[in-house]
Structure formats: structure tokens, C-alpha cells
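Engineer: Have a look at this one.
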Amino acid sequence: MDAGAKAAGSPAELAGQVEVIVTILTNQEALASVYEGPSGLLAGNVKAKLFIEMSTVQPHEEVALAEKVRAKGGTFVECPVGGTVGPARQGKLLGCAGGTNEDFEKAKPLLDQMCRRVELMGPVGAGASMKLAINLPLLVFYQALAEAYVLCRHLKLDNTWLMEFLSDTSGGPNVLKNRGPVIAKPLDGKDPGAANFDIDLIRKDLATMIAEARTRGATLPLVEKTLAIYDDAARDGWGKRDGAWLPAYWPNHGATSQGERS
3 MDAGAKAAGS PAELAGQVEV IVTILTNQEA LASVYEGPSG LLAGNVKAKL
53 FIEMSTVQPH EEVALAEKVR AKGGTFVECP VGGTVGPARQ GKLLGCAGGT
103 NEDFEKAKPL LDQMCRRVEL MGPVGAGASM KLAINLPLLV FYQALAEAYV
153 LCRHLKLDNT WLMEFLSDTS GGPNVLKNRG PVIAKPLDGK DPGAANFDID
203 LIRKDLATMI AEARTRGATL PLVEKTLAIY DDAARDGWGK RDGAWLPAYW
253 PNHGATSQGE RS
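Position one of the sequence shown corresponds to residue 3 (my numbering), numbered consecutively onward.
Dropping the structure here:
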């Protein structure tokens, strides 16, 4: 508000005051509450307005929403992104867009301000598919790292150094290079600060991946097992902690429950 933004009384009122509407919400239920109903965005004047929808949901949900927006005369582009709070503030997200070429070109100048790279994956729904695909290795990796830590924690190496060393291996992904010190803190019993992508949200994304795979006649056994571990962490009170805490959870909770002792 200090920068000059104005508050609207409802999503419908907001839609009548702006030319571009950007939404990024938790799940399909949140999308429905914001877009639909007597005070939802689609109840406002959305003719010729550009919608950029950035939530992580199943592809068919974006397709259905795009149809509703277009029926009201609006333009719709989906663009879920890879990255959390830090990259968002720096304009360094990775954008997975879906829509027509013409609509994408309308949205691209704004997306370029938020993203270090944004690519059109295909029609609406393609962006959602790609977002689920890029999140999968990251969310499974936290558990893989936790299990790797079980094998070497008895060496009692400095955990910050250990994360840096592991990041230099062929199995070290970007998240380990970028967030190694954050991951090390809970391993040392320290609080790494506010969560950027908490375990409850991760559980939602993993469940969405499983649901989408089922619509395509496939299964994701590794994701299913990983979700069960995140579910255990949530039941143990870790739901609002960052996913980067999982390597600290498993060695002292899940691994020991399976008979491993430090």
C-alpha cells in the first residue's frame, strides 16, 4: 500500500478497476472462492482483461478456469512458477506458461519482470503439467538427502561443510547449492527462519502429482512413498516447517522408527 496500491472491497470490484489480474493461490478450492460466486472475480467486468493464473493445480482445473474467463470476454494465460520467496523478490522465478501464442505475448512483458526465464509449454494446461514435473524431483530430493545423511552423520562432520561437499557431487541439485546453509541449520538444532515452502504445501503438491498421474493411467510409487513420509512429519507437528527441514526430521524420527539408531 505504501507504494501506491489501492485496496478493493471484493475480487469483483478489483476486476473492474484493473487491466491485468494475477492470481497465485493454494489449491482449487481457493481458486473457486476467488473467481466464482457473487463477489468473485468473474462477477466483475472482465471483458478484455488479461488474467495470469499462477497456482499449482491439476491441468484440467486450469483448462476449466480458462474457459470461464474466456466466456466472460477475458484473456487467460497460466504460468505456475518454480521458485519461492527469495527468487520472487529478485525476479528470478522459472515460468511454465500455457496459452495461445498471442495471449502469451500479451502476458510476457509482465512475466519477464517476475521470471529469469519463462517458456510457453503449449495450450492452457501444459504449464500446470510442467510445474508438477519440475516440483517432483525437488520434493523427493529432500527425503533422498535425509537418507544420505543417515549414512554419514556418524562421521560428525560440520553440517554446513557437508552440504557444500554434497552439492559438489553429481547428485547435488541446485537446491543444495543454493540452500545448503539453510538445510544445515536444523541439522545443527538451529532454527533456519521462516518457511518458504512448508511441508503442508509440499504434501498438497505431492498429492496433486499422484492425482494427475492417475488421470493419465499411471502411478508414481516414489512420490507415494515420499508423501507418506511428509504426512508422518506433519502428524509430528512439522507441517508448517520448511521442506528443507526434512533431512533433520527423518534421521531422528522416521529412520529410528524403522530400527536405525545413531
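Glycine included, C-beta positions come from ideal geometry on N, C-alpha and C.
For the alpha helix (DSSP H) that F167 lies in, which residues bound it at each end?
Structural biologist: 161-169 is the span of the alpha helix (DSSP H), which, as asked, contains F167.
Engineer: Between K133 and D200, is the Cβ-Cβ spacing less than 8 Å?
Structural biologist: Contact flag unset, no.
Engineer: Could you check whether the Cβ of R216 sits closer than 7 Å to any heavy atom belonging to the ligand ZN?
Structural biologist: Looking at this structure, you won't find the ligand ZN or any other ligand, since it has none at all.
Engineer: Is it buried or exposed, K51, if we count other Cβ atoms within 10 angstroms and call 16 or more buried?
Structural biologist: Buried: at least 16 other Cβ atoms inside 10 Å.
Engineer: Buried or exposed: which applies to V87, given that a residue is buried once 16 or more other Cβ atoms fall within 10 Å of its Cβ?
Structural biologist: So V87 ends up on the exposed side.
Engineer: For the structure I just gave you, are there three or more beta carbon pairs, one from the stretch 66-80 and one from the stretch 142-160, closer than 8 Å?
Structural biologist: Taking 8 Å as the limit for Cβ pairs, the verdict is that the stretch 142-160 does not touch the stretch 66-80.
Engineer: Taking all protein chains shown into account, do 16 or more other C-beta atoms lie within 10 angstroms of the C-beta of P64, making it buried, or fewer, making it exposed?
Structural biologist: Per the sequence shown, residue 64 should be read as Glu rather than Pro. Buried, since its Cβ has 16 or more Cβ neighbours within 10 Å.
Engineer: So, for L229: in the same chain, excluding its five sequence neighbours on each side, which residues have a beta-carbon less than 8 Å away from its beta-carbon?
Structural biologist: Hits under 8 Å: R205, L208, A209, I212.
Engineer: Measuring CA to CA, which of H62, V71, V59, S57 is closest to L43?
Structural biologist: Comparing Cα-Cα distances from L43 to each of H62, V71, V59, S57, the minimum goes to V71.
Engineer: Can you find the residues in the same chain that come closer than 6 Å, C-beta to C-beta, to G101, ignoring five residues on each side of it along the sequence?
Structural biologist: Around G101: V79, V126.
Engineer: Please give the ranges of any beta strand (DSSP E) in the stretch 82-165, keeping only runs that are unbroken, at least 3 residues long and fully inside the region.
Structural biologist: Fully enclosed beta strand (DSSP E) runs of 3 or longer: 95-99, 117-122.
Engineer: Can you tell me whether A50 is helix, strand or coil according to DSSP?
Structural biologist: It is coil, neither helix nor strand.
Engineer: Ends of the beta strand (DSSP E) at I23?
Structural biologist: Counting along the chain, the beta strand (DSSP E) containing I23 begins and ends at 22-25.
Engineer: Identify which residue in D193, A17, P61 has its Cα closest to the Cα of E265.
Structural biologist: This structure gives no information on residue 265, because the portion of the chain shown stretches from 3 to 264.
Engineer: For the pair the stretch 97-115 and the stretch 26-46, tell me if three or more CB-CB distances fall below 8 Å.
Structural biologist: No, they do not touch.
Engineer: Alpha carbon to alpha carbon, how far is P82 from A128? Give it in angstroms, no decimals.
Structural biologist: Each residue's Cα considered, the two are about 10 Å apart.
Engineer: Considering Cα atoms alone, identify which of E104, L203, L178, V184 is closest to G195.
Structural biologist: Considering only alpha carbons, the answer is V184.
Engineer: Taking A186 and T162 to be in contact with their CB atoms under 8 Å, please state how far apart those CB atoms are, rounded to whole angstroms.
Structural biologist: Correct: roughly 4 Å between the Cβ atoms.
Engineer: Less than 8 Å separating the beta-carbons of V59 and A130?
Structural biologist: Yes, the pair counts as a contact, with Cβ atoms nearer than the cut-off.
Engineer: Apart from the five residues just before and just after R263, which ones in its own chain have a Cβ nearer than 8 Å to its Cβ?
Structural biologist: For R263, the pLDDT reaches just 40, beneath the cut-off of 50, and the residue's location in the model is therefore unreliable, although a value from the coordinates is still provided. So no residue of the chain qualifies.
Engineer: To the nearest whole angstrom, what separates the beta carbons of I54 and V24, a pair I think is in contact under 8 Å?
Structural biologist: Going by Cβ atoms, the distance from I54 to V24 rounds to 5 Å, so yes, they are a contact pair.
Engineer: Could you give the first and the last residue of the continuous beta strand (DSSP E) run that contains T77?
Structural biologist: Start and end: 77-80.
Engineer: Just to confirm, are G93 and R119 a CB contact at a threshold of 8 Å?
Structural biologist: Taking 8 Å as the Cβ cut-off, G93 and R119 do not qualify as a contacting pair.
Engineer: Would you kindly work out how many angstroms separate the C-alpha atoms of L16 and E226, rounded to a whole number?
Structural biologist: Their Cα atoms are separated by approximately 40 Å.
Engineer: Quick one: Cα of L153 to Cα of P249, how far?
Structural biologist: Near 12 Å, if we compare the C-alpha coordinates of P249 and L153.
Engineer: Which one of G84, R91, L164, P188 has the shortest CA to CA distance from Y251?
Structural biologist: Nearest option by C-alpha distance: P188.
Engineer: What would DSSP say about E38, mapped onto helix, strand or coil?
Structural biologist: Reduced to three states, the DSSP call for E38 is coil.
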